[in-house]
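Asker:
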DNA sequence: CGAATTGTTTGACAACAATCCAACTATACG
DNA sequence: CGTATAGTTGGATTGTTGTCAAACAATTCG
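Chains as they are written, first to last, in our numbering: chain P, 253 to 363; chain F, 253 to 363.
1) Determine, for residue 351 of chain P, whether the minimum Cβ-Cβ distance to residues of chain F falls below 8 Å.
2) With distances taken Cα to Cα, identify the nearest neighbour of residue 339 of chain F among F:254, F:261, F:257 and F:255.
3) Assign residue 362 of chain P to one of two classes, buried (16 or more other C-beta atoms within 10 Å of its C-beta) or exposed (fewer than that).
4) Can you find the residues in the same chain that come closer than 6 Å, C-beta to C-beta, to residue 254 of chain P, ignoring five residues on each side of it along the sequence?
5) Between the Cα of residue 331 of chain F and those of F:350, F:283, F:351 and F:301, spot the shortest distance and give me the residue it belongs to.
6) CA-CA distance, residue 295 of chain P and residue 322 of chain F?
7) Tell me the start and end of each unbroken beta strand (DSSP E) in the stretch 322-363 of chain F that is at least 3 residues and wholly inside, in chain order.
8) Out of F:256, F:280 and F:272, state which residue places its alpha-carbon closest to the alpha-carbon of residue 298 of chain F.
9) Can you tell me the Cβ-Cβ gap for residue 344 of chain P and residue 344 of chain F, rounded? I've got them flagged as a contact below 8 Å.
10) For residue 362 of chain P and chain F, any beta-carbon pair shorter than 8 Å?
11) Give the secondary structure of residue 255 of chain F by DSSP, where H, G and I count as helix, E and B as strand, and everything else as coil.
12) Less than 8 Å between the C-beta atoms of residue 258 of chain F and residue 312 of chain F, yes or no?
13) Applying the 10 Å Cβ sphere with the 16-neighbour rule, what's the burial state of residue 329 of chain F?
14) The ligand GTP and residue 254 of chain F: does the residue's C-beta get closer than 7 Å to at least one heavy atom of that ligand?
15) Alpha carbon to alpha carbon, how far is residue 300 of chain P from residue 268 of chain F? Give it in angstroms, no decimals.
16) So the alpha helix (DSSP H) residue 261 of chain F belongs to, where does it begin and stop?
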């Protein structure tokens, strides 16, 4: 089992995290990881509507930003959200993003 | 006094807000607005180290993303954070970003 | 009106980013 | 070993972004 290079917790940069989360495809991947926990790249990237190599680039962006942790087991790579690290570094940020991303539009006062 | 075109609250998109906040210059502008409240473009853009036209583009990006509200009075334009709109749309998000952006690095256990 | 102030627009350019395709690597399985 | 599986890498392309400089627009003030 090997770990790929990741930024340490204290080296996670806010602007890089925000940029990583600002792409709809990557945000969808993050939502899946938040919902279902650790999963392989293939599962995380299923039905995203992009080529597998494109998805692979997104995995790398998320990893290098410090959003996900990737470890290899055999020929599979498992990704998971770095929930604790992000909470330590930027309290409340990931939860706010996930809430915002998954919550239905608030029923406005028919305005 | 005129208002410039802005997205309505329900049309503010999460990914666009995250993208707007993912640039260091724009994030700095947002921090200034959060700290000092409404201010003119000139004040908000003072000492940012970029040309005024560059700053102007950033104002537009922030406005079109729904992060700031801009109103014109005379020859001045006042910008302010759309705190309430953002809180309605994405509860806790702006606060988390501002906390993350302004908080000093947590003193790690000398690790 | 003419000059100063405040900010935007346009054009140019370089850097970056998203995408696809094809080739590749590495592991696992017969 | 040969094949399948899982994912990455490199090239090419296309589009977006950040930046500056110069010109412009709008308001105010003398």
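Using N, Cα and C, we set each Cβ at its ideal position, and we do this for glycine too.
These numbers were taken from a predicted model, which means no experiment stands behind them.
Answerer: Taking the structure as given:
1) yes
2) F:261
3) Below a pLDDT of 50, predicted positions are generally treated as unreliable, and residue 362 of chain P, at 49, falls in that range; no measurement from the model is reported.
4) 324
5) Closest option to residue 331 of chain F, Cα to Cα, is F:283.
6) 44 Å
7) Positions of the beta strand (DSSP E) runs, each at least 3 residues long and wholly inside the stretch 322-363 of chain F, are given as 328-333 in order along the chain.
8) Nearest to residue 298 of chain F by alpha-carbon distance, out of F:256, F:280 and F:272, is F:280.
9) Right, the Cβ-Cβ distance comes to about 6 Å (below 8 Å), so this counts as a contact.
10) Its pLDDT being 49, under 50, residue 362 of chain P is placed unreliably in this model, and the coordinates cannot settle the point.
11) strand
12) no
13) buried
14) Absence of the ligand GTP from the depicted structure is noted, as is the absence of any ligand whatsoever, leaving it without description.
15) 19 Å
16) Element bounds for residue 261 of chain F: n/a, residue is neither H nor E.
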